[in-house]
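Q: Below you'll find the structure I mean.
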Amino acid sequence: MLLIHCPYCGEERPELEFRHAGEAHIARPENIAEISDEDFAHYFFYRDNPKGVTFERWRHMHGCGRFFNAVRDSVSDKFLTTYKAGEPKPDIADAANENQINTSKGQGAK
Amino acid sequence: MSAAGANRIAGAGRLTPANTVRFTFDGKSYTGLQGDTLASALIANDVHLVGRSFKYHRPRGILSAGPEEPSALVGVRRDASRHTPNIRATVQEIHDGLDAVSQNRWPSLTFDIGALNDIGSPMFSAGFYYKTFMWPKAAWKHIYEPVIRNAAGLGVAPKEADPDNYAARYVHCDVLVIGGGVAGLTAALSAAESGARVILCDENAHPGGALRFEGEARLDGMAGHDWAVQAAGRLAAMDNVRLLTRTTAFGYYAQNFVGLVERVTDHLAAPEPDMPRERVWQVRAGKVIIAAGAIERHMVFANNDRPGIMLASAARTYLNHYGVAVGRKVGVYTANDSAYGAAFDLKRAGADIPAIVDLRDEPDAGLVEEAGVLGIRVLTGHAVTGAGGKLRVASMSVEPKKGGRTEVIPVDALIMSAGWTPSVHMFSQSRGKVAWDEETGRFLPGTYAQECASIGACNGTDGLEATVNEALAVGEAAAKAAHPKAKKPSVAISVGSAGKWAGGMVGAGPGAEAGKVVKAFVDFQNDVTAKDIRLAVQEGMHSIEHVKRFTTNGMATDQGKLSNLHGLAIAAEALDKPIPKVGLTTFRPPYTPTTFGAIVNHARGKIFDPMRRTPMHAAEAAAGAVFEDVGQWKRAWYYPRAGEDMHAAVNRECRTVREVAGMFDASTLGKIEVVGPDAAKFLNILYTNPFLKLGVGRLRYGIMCREDGFIYDDGVVGRLAEDRFHVTTTTGGAPRVLHHMEDYLQTEFPDLKVWLTSTSEQWAVIAVQGPKAREIVEPFVEGIDLSNEAFPHMSVAEGTVCGVPARVFRMSFTGEAGYEINVPADYGRMVWDAIYERGAPMGMCLYGTETMHVLRAEKGYIIVGQDTDGTVTPHDAGLSWAIGKKKTDFVGVRGLKRPDLVAEGRRQLVGLKVKDGKSVLEEGAQIVDNPKQAIPMKMIGWVSSSYWSENCGAPIAMALVENGHNRMGETLYVPMPDGVIEVEVCGTVFFDEEGGRLHG
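Going down the list, the protein sequences come from chains A and B.
If you're matching positions, the first sequence starts at 473 in my numbering and goes up one per residue.
If you're matching positions, the second sequence starts at 3 in my numbering and goes up one per residue.
Pasting the structure below:
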């Protein structure tokens, strides 16, 4: 079972308290009613699914209830960092260094 | 001769001769000693034949003295429901009354019909299932598989439920030490003396590991095993240490989460009834120290599976720990030094050692000299090419490696050692990558993936002194990592001599090379021979993963603890590649077989899944309700009266609601309180309907879509105040709708001032529906004018009912005028009883979910998830009116414009009338427009809801049909196994089409 650091509670808690909520940093277009079919497809259907460093959303479902973002290595399952919703995408290299994780493989994030 | 077996050696071993234990094997009674395993007690009684093999039914004995055992698998029985199959005799401790039976034999262990498989074995080579049982196709399911399943397989599981309890605990520690041999004990002492919180687990009854058999090891001036007992005692006495014996670390998961299973009662004759049989420890450790030791390998030669042939370290354990000689005339076959110690110990205990056959040309001169002093003949550069005997080894055939005369030497036991395989299972489970060490020919821990360290034999550390020094350093470092200010441990351990671990050989020995048609077993549990592995390579399996699956080598419950490396070496040789190029298969949990009881633990029976009951459940049960499961909820399904079946009860309930009134428990509906100055704005985004102008005190039926435009949920939303809404969801949708709302609120519209609270459990909901609904509830209601004018259909108001605060909804899911009365959950039962007492004499009935379904279908009200399947838009469902025409944004606004969603011919919800007026369609049945077309027919839709409608006097159905809205009046067909049913497409409202009754 993974331990996940909730940036709102400031604590590592067991995976059972959380729910995965898909890829992070995909904002709903403000003019959504006007966007093209292709743009809508990219917004709603297309996902990166990289092997390696991935940005994803989690919700502390059975804790504070907040949605937050996480950087996880999808190969090792290790969390590089977690941060509050709305905060900018962290620099992966920094995050990796901080956690002494080898991220040489699969830098899939755009 | 000892009472506890003819092979018990006086003065040998650590058991107490006076502590005798009676047990049975295959119905025969034997005597063993307290502390014996079933294996040691059987060998003491000169029983080597303990089972038949999986595929060939070959007689099998005891190969090891530990958890790696692949052969000696027995059933152990306490009573009819406590029969555990496939227990390794080498780890099962005996107790008075232990009842063990051999497996996979008929009619008896010594005469087994299934052994014919051994004679017919050319037919049963690797992959024979895939090749032999291909034709005819149907025969696999009905003939081949049942017969094969019956003939193969080992023990038989009990048919009764497991009556035992299992316990589970979560624990945290700074340092978890896996394995209580010299390395583990030393590391634990070192870490614990530094102040760290330590857990040490060992799978045996007592720590000690290899010190149980290594006679010459000396530590702190003590015999090795005495030191281990003393060290374990020291650890057990420390407050910061938890010492767990009979406890196996079975799984190593992410972030140093390790599963341990402690066997609590299996070794006890009469366990206390309230004791758990096993206890699972879920440990989260700061650092894991793996001190798992090494596992001795067998030699691969013809008939190496005869009972009486075993690992040298096992024979030495039986002698030095249990005081049991494995034979009187013991042959030795080795490629490694460590077997010599076993031979010397046995010789000194009085056994005859006719020869040590050493595959090496120049073994250690000191050992050869010592053998000479003891009068043991050493044949260097020789091989054992075969074993004689059937139910017990009777001889070994010895040849010079380079070829020459074969000498047949009579023996009654044969011990062997091909060397030691470091036990990297836990390291590998931690996702560490092993690396091949060319010099010593073994896989060792390479790249670490988690906070763990391997020490001792499992790390390839050879020799006692090096092991102790490594363990001291790693234990201290682990404590330092947890507590930077940890004190320096005051542990110092002086080391005497001990045997060597490195060296040996892998693969098939002489006499079992390519081209030789002999049964030289690599994997004893799955009956895989060296020849099978070569055949796999020959047939094109070039990856070890394929070889493994084709031959099943290493796929038995022992997970190839003995066989993996041999199998790999034979495959590598056949492929003419170096071993590391062929690769090692992945180790996965559990390390050794773990019971379902331990894993399932408390989560069984009634507490497998939470059961949710409404506040009125007991009243409904008392009224005779039959309940159905809806998710975790128990919902009243129907209320049969004497003599009524479900059909009759539902028909009566349906009639009564429309003619008089009915009362229904709607408490399971999801409820969300949406509050805040921006609440209306928020709901306007989440629902397709317009919400900005919904008046206070008014209700609106809302449709919720996902961004893709498909219906996600529906429900009635009531506005209680400018800034307060009472939202209802489907019963099953409550959690995901709240999640969906929170997602938009927190991440897309965080500036909106809205607060969401789940109130599903806070309100009990009592629906009273029917022409007499108002008359029934009116006397209980205060503060609300229930008249049609003041409180029309789709209104909500707060007041009191039976004197308790209530929210009363004038709404209907039946098509009748009615009320849904929300009261705080604790008052639900009181209000329910009060209304029932008044309503029943007036002719009101209780109705359940089945009647609710029929009544709503008569009115064409959809159920999300039944009449929609995640690909249905509001337009498809005939609910276009629920989409706010002037709204520029709501969730799904763009999705609904996608080309496929606006295309002609989509599946649309329609009603179906059955032409014969009596057949009730099957829900899920497929619909075609021409029943005479060739099979497979083109299916144009399916039936989503179907019932007998007593009120219409006819069957009614709803269906999703291609272009359905444009097919009104068309005849379609529902082909069923016993004939085609003709239907006519119609609107979805079957009863009171104008809806006048709602306003009555």
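Every residue, glycine too, gets a C-beta built ideally from N, C-alpha and C.
Does Thr690 of chain B have its Cβ less than 8 Å from a Cβ in chain A?
A: Here residue 690 of chain B corresponds to residue number 688 of the second sequence, with the count starting at 1. No, because no Cβ of chain A sits closer than 8 Å to the Cβ of Thr690 of chain B.
Q: Please determine, among B:Thr749, B:Arg726, B:Phe727, B:Asp715, the residue with the shortest C-alpha to C-alpha distance to Ala736 of chain B.
A: Position 734 of the second sequence, counted from the first residue, corresponds to residue 736 of chain B. With distances taken between Cα atoms, Ala736 of chain B lies closest to B:Asp715.
Q: So Phe490 of chain A and Arg896 of chain B are in contact, right, with Cβ under 8 Å, and what is the actual spacing, rounded?
A: Indexing the first sequence from 1 puts residue 490 of chain A at position 18. Indexing the second sequence from 1 puts residue 896 of chain B at position 894. With 8 Å as the limit, Phe490 of chain A and Arg896 of chain B do not qualify as a contact, their Cβ atoms being about 30 Å apart.
Q: Is it true that the CB of Phe445 of chain B sits closer than 8 Å to the CB of Pro412 of chain B?
A: Here residue 412 of chain B refers to the residue found at position 410 when the second sequence is read from its first residue. Here residue 445 of chain B refers to the residue found at position 443 when the second sequence is read from its first residue. Not in contact: Pro412 of chain B and Phe445 of chain B (Cβ atoms no closer than 8 Å).
Q: Thinking Ala775 of chain B and Gly820 of chain B are a contact (beta carbons under 8 Å), I'd like their distance in whole angstroms, please.
A: Within the second sequence, the letter at position 773 stands for residue 775 of chain B. Within the second sequence, the letter at position 818 stands for residue 820 of chain B. 5 Å between Cβ atoms; contact.
Q: Contact defined as beta carbons within less than 8 Å: I believe Gly664 of chain B pairs with Gln771 of chain B. What is the distance between those atoms, to the nearest angstrom?
A: Here residue 664 of chain B corresponds to residue number 662 of the second sequence, with the count starting at 1. Here residue 771 of chain B corresponds to residue number 769 of the second sequence, with the count starting at 1. Contact holds; Cβ gap of about 6 Å.
Q: Residue ranges of each beta strand (DSSP E) run of no fewer than 3 residues wholly in the region 187 to 216 of chain B, ordered along the chain?
A: The region 187 to 216 of chain B contains these whole beta strand (DSSP E) runs: 200 to 203.
Q: At what residues does the beta strand (DSSP E) containing Trp108 of chain B begin and finish?
A: For the purposes of this step, residue 108 of chain B is identified with residue 106 of the second sequence, where counting begins at 1. Careful: Trp108 of chain B lies outside any beta strand (DSSP E) and carries neither H nor E.
Q: Give me the subset of the region 183 to 197 of chain B whose CB atoms are less than 8 Å from a CB atom of chain A, sorted by chain position.
A: Flagged: no residues at all.
Q: Got a sec: which bits of the region 696 to 720 of chain B sit with their beta carbon under 7 Å from any beta carbon on chain A, in order along the chain?
A: Taking 7 Å as the Cβ-Cβ cut-off against chain A, the residues of the region 696 to 720 of chain B that qualify are Glu709, Asp710.
Q: Does Arg362 of chain B come out as helix, strand or coil in the three-state DSSP assignment?
A: As a working mapping, residue 362 of chain B is identified with position 360 in the second sequence. Coil, per DSSP.
Q: CA-CA distance, Phe589 of chain B and His427 of chain B?
A: On the second sequence, residue 589 of chain B is found 587 positions in, with the first residue counted as 1. On the second sequence, residue 427 of chain B is found 425 positions in, with the first residue counted as 1. Distance between the alpha carbons of Phe589 of chain B and His427 of chain B is about 6 Å.
Q: Could you tell me which chain A residues have their CB closer than 8 Å to the CB of Tyr255 of chain B, listed as they occur along the chain?
A: Start at 1 with the first residue of the second sequence, and residue 255 of chain B comes out as number 253. Within 8 Å Cβ-Cβ: Met473.
Q: Please name the residue or residues paired with Met674 of chain B in a DSSP beta bridge.
A: Against the second sequence, residue 674 of chain B aligns to sequence position 672. The sequence shown places Ile at residue 674 of chain B, rather than the Met named in the question. DSSP lists B:Val729, B:Ser760 as partners of Ile674 of chain B.
Q: Could you say which of B:Asp828, B:Thr973, B:Glu791, B:Gly34 lies nearest to Pro807 of chain B if we only look at CA atoms?
A: Along the second sequence, one-based indexing puts residue 807 of chain B at 805. Looking at the Cα atoms, B:Asp828 is the closest of the given residues.
Q: Along the beta strand (DSSP E) that carries Asn586 of chain A, what are the first and last residues, could you check?
A: No answer is possible for residue 586 of chain A: the residues shown for chain A start at 473 and end at 582.
Q: What does a CB cutoff of less than 6 Å around Ala455 of chain B pick up in its chain, not counting 5 residues either side in sequence?
A: Locating residue 455 of chain B in the second sequence gives position 453, counting from the first residue. Hits under 6 Å: Ile291, Val476.
Q: In chain order, what residues of the same chain lie with their CB nearer than 7 Å to the CB of Leu369 of chain B, ignoring the 5 residues before and after it?
A: On the second sequence, position 367 is the one that residue 369 of chain B refers to. If we look at Leu369 of chain B and ignore the five residues flanking it on each side, its Cβ neighbours are Asp339, Tyr342.
Q: Could you confirm whether any beta carbon from chain A is found closer than 8 Å to the beta carbon of Pro752 of chain B?
A: For the purposes of this step, residue 752 of chain B is identified with residue 750 of the second sequence, where counting begins at 1. Taking Cβ atoms only, chain A reaches closer than 8 Å to Pro752 of chain B, which makes this a yes.
Q: So which residues on chain A does Ala451 of chain B lean against when the C-beta distance must stay under 8 Å?
A: If you number the second sequence from 1, residue 451 of chain B lands on position 449. Those within 8 Å of Ala451 of chain B in chain A are Ser548.
Q: When the cut-off is 8 Å and only beta carbons count, does Asp509 of chain A lie next to chain B?
A: Working through the first sequence from its first residue, we reach residue 509 of chain A at position 37. It does; some Cβ of chain B falls within 8 Å.
Q: For Thr754 of chain B, report the span of its alpha helix (DSSP H) as first-last.
A: As a position in the second sequence, residue 754 of chain B is number 752, starting the count at 1. Correcting the residue type first, residue 754 of chain B is Leu in the shown sequence and not Thr. Looking at the DSSP string, Leu754 of chain B is not in any alpha helix (DSSP H), and its letter there is neither H nor E.
Q: Could you tell me whether any Cβ in chain B is nearer than 8 Å to the Cβ of Phe527 of chain A?
A: Here residue 527 of chain A refers to the residue found at position 55 when the first sequence is read from its first residue. No, because no Cβ of chain B sits closer than 8 Å to the Cβ of Phe527 of chain A.
Q: Below 9 Å on C-beta distance, what does Thr890 of chain B contact in chain A?
A: To locate residue 890 of chain B, count along the second sequence from 1; it is residue 888. What Thr890 of chain B touches in chain A: Ala505.
Q: Establish whether the CB of Pro612 of chain B and some CB of chain A are separated by less than 8 Å.
A: Walking along the second sequence from the start, residue 612 of chain B turns up at place 610. Answer no: the Cβ-Cβ gap between Pro612 of chain B and chain A never drops below 8 Å.
Q: With distances taken between CB atoms, is the gap from Val543 of chain A to Phe527 of chain A smaller than 8 Å?
A: Taking the first residue of the first sequence as 1, we reach residue 543 of chain A at position 71. Taking the first residue of the first sequence as 1, we reach residue 527 of chain A at position 55. Taking 8 Å as the Cβ cut-off, Val543 of chain A and Phe527 of chain A qualify as a contacting pair.
Q: Going by C-alpha distance, which of B:Pro486, B:Ala451, B:Lys487, B:Ala494 is nearest Glu467 of chain B?
A: Locating residue 467 of chain B in the second sequence gives position 465, where the first residue counts as 1. Of the candidates B:Pro486, B:Ala451, B:Lys487, B:Ala494, the one whose C-alpha sits nearest the C-alpha of Glu467 of chain B is B:Ala494.
Q: What separation, rounded to the nearest whole angstrom, lies between the Cα atoms of Val866 of chain B and Ile713 of chain B?
A: For the purposes of this step, residue 866 of chain B is identified with residue 864 of the second sequence, where counting begins at 1. For the purposes of this step, residue 713 of chain B is identified with residue 711 of the second sequence, where counting begins at 1. Each residue's alpha carbon lies about 8 Å from the other.
Q: Considering only the beta carbon of each residue, do Val436 of chain B and Leu577 of chain B sit closer than 8 Å?
A: Against the second sequence, residue 436 of chain B aligns to sequence position 434. Against the second sequence, residue 577 of chain B aligns to sequence position 575. No.
Q: Give, in chain order, every unbroken run of the beta strand (DSSP E) that is at least 3 residues long and sits entirely within the region 798 to 879 of chain B.
A: Listed in chain order, they are 806 to 812, 820 to 826.
Q: Does DSSP put Glu453 of chain B in a helix, a strand or coil?
A: Taking the second sequence and counting its residues from 1, one reaches residue 453 of chain B at position 451. Correct three-state label for Glu453 of chain B: coil.
Q: Under 8 Å between C-beta atoms, does Gln764 of chain B make it to chain A?
A: The residue you call residue 764 of chain B lines up with position 762 of the second sequence. No, no contact with chain A.
Q: Which residue wins for smallest C-alpha separation from Gly383 of chain B, given the options B:Leu416, B:Met854, B:Thr336?
A: Reading the second sequence from its first residue, position 381 is the one you call residue 383 of chain B. Gly383 of chain B has its Cα closest to that of B:Thr336, out of B:Leu416, B:Met854, B:Thr336.
Q: Can at least three beta-carbon pairs, one atom from the region 723 to 743 of chain B and one from the region 664 to 681 of chain B, be found at a separation below 8 Å?
A: A contact exists between the region 723 to 743 of chain B and the region 664 to 681 of chain B.
Q: Do the region 527 to 546 of chain B and the region 357 to 366 of chain B meet, that is, are 3 or more Cβ pairs less than 8 Å apart?
A: No contact exists between the region 527 to 546 of chain B and the region 357 to 366 of chain B.
Q: Since Ala351 of chain B and Ala314 of chain B are thought to touch, with beta carbons under 8 Å apart, how far apart are those beta carbons, to the nearest angstrom?
A: Sequence index remark: in the second sequence, residue 351 of chain B carries index 349 (1-based). Sequence index remark: in the second sequence, residue 314 of chain B carries index 312 (1-based). Contact flag wrong, Cβ pair sits at about 14 Å.
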